[in-house]
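Residue numbers (our numbering): 51 to 289.
As structure tokens, the structure follows; a few thoughts come after it.
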Amino acid sequence: MKLVNFLLVALFILVPMALFSQTVLLDETFSSPVSLSGWWATAGDWKVMKGRLYQTDTKETMAMITVPVKQYGTMLYEFDLRYVAGGEDDYAGFGIHICVNNPSRVRSWGNGQSLLGWITWDPKTYGYPGAFIQVYESKGLTNMGLYTKIFPGPDPIAYGDILPVREEYLKYEYLDATVPIKIMINLDTGEGRFYDPLDPDRYYYSFYLGGPVKPGNYFSFRMNSVSLSLDNLKITKIK
């Protein structure tokens with residue numbers, strides 16, 4: 051199987067971390083099925099098992115689950131994920147919709163008005179190294195393309211390969227790892243940080259979303275043709 055844990059991404063620029071005070075808006079450890087109270091899924095087979103949130107349908111291309119949480123100012127998104135199955139055909143993807151307004155209640159390509167941070171594993175389309183970072187802007191159920199504040203145009207086929215994941219982070223052994231994800235974004239400026247999963251207290255990769263991001267009231271996980279489990283979701287407002 052060629053799919054690797056392409057979620058250890060963007061660790062090639064490392065700088066010291068700053069400290070901030072925080073207000074936790076959502077803190078979910080998925081300790082029981084009741085943990086999904088307030089969430090809704092529009093596609094995919096989502097369930098809480100063994101203290102984690104699983105999406106188990108590897109054939110679903112638009113699996114998505116959404117939860118209400120207000121996002122404004124500077125936000126910190128934290129969770130961990132683990133590979134379960136899928137991707138044997140060299141096609142899979144995972145991402146998060148942030149700052150969602152008017153979220154979808156049905157299976158759909160887009161998700162209201164939101165930004166989607168996405169990692170795609172699709173070497174047949176994009177070639178070497180196979181995994182690429184993409185950011186999409188959703189404007190409705192059927193209207194979603196690459197975020198043109200970052201990419202030259204909205205077409206993912208034409209421009210979706212401009213942010214490749216470095217080869218050294220695409221190793222088979224990472225398939226067995228639980229990967230901690232930590233992302234901070236200043237929505238007022240569009241400046242952000244992707245923290246090093248191996249040492250998040252010291253290092254991060256800086257990125258820029260091209261300007262301010264509109265605040266939103268919902269957050270979504272999304273998967274394409276892959277089964278992953280997630281846990282320790284924390285969404286924090288940085289003061």
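We treat Cβ as the ideally placed atom computed from N, Cα and C, and that holds for glycine.
Source: prediction; values computed, not measured.
- Fewer than three beta-carbon pairs drawn from the stretch 247-254 and the stretch 95-107 are found closer than 8 Å, and the two stretches are therefore not classed as touching.
- Within the DSSP bridge table, the entry for E78 names L283 as partners.
- Around the Cβ of Y219, a 10 Å sphere holds 16 or more other Cβ atoms; the residue is buried.
- Linking Y122 to E138 through their CA atoms gives a straight-line distance of about 38 Å.
- Taking N236 as the centre and dropping the five residues before and after it, the same chain places the C-beta of T124 closer than 6 Å to its C-beta, in chain order.
- Check the Cα spacing between P214 and each of S154, A181, D226: the tightest is with A181.
- The Cβ-Cβ distance between G190 and W168 does not fall below 8 Å.
- Take S71, set aside five residues on each side of it, and the residues of its chain with a beta-carbon closer than 7 Å to its own are K289, in chain order.
- Between Y268 and V156, the CB-CB gap reaches or exceeds 8 Å.
- The continuous alpha helix (DSSP H) containing Y176 extends over residues 173-176.
- The three-state reading of DSSP puts A91 in strand, counting E and B together.
- Scanning the stretch 112-164 from its first residue to its last, the whole beta strand (DSSP E) runs of 3-plus residues come out as 113-121, 124-136, 142-151.
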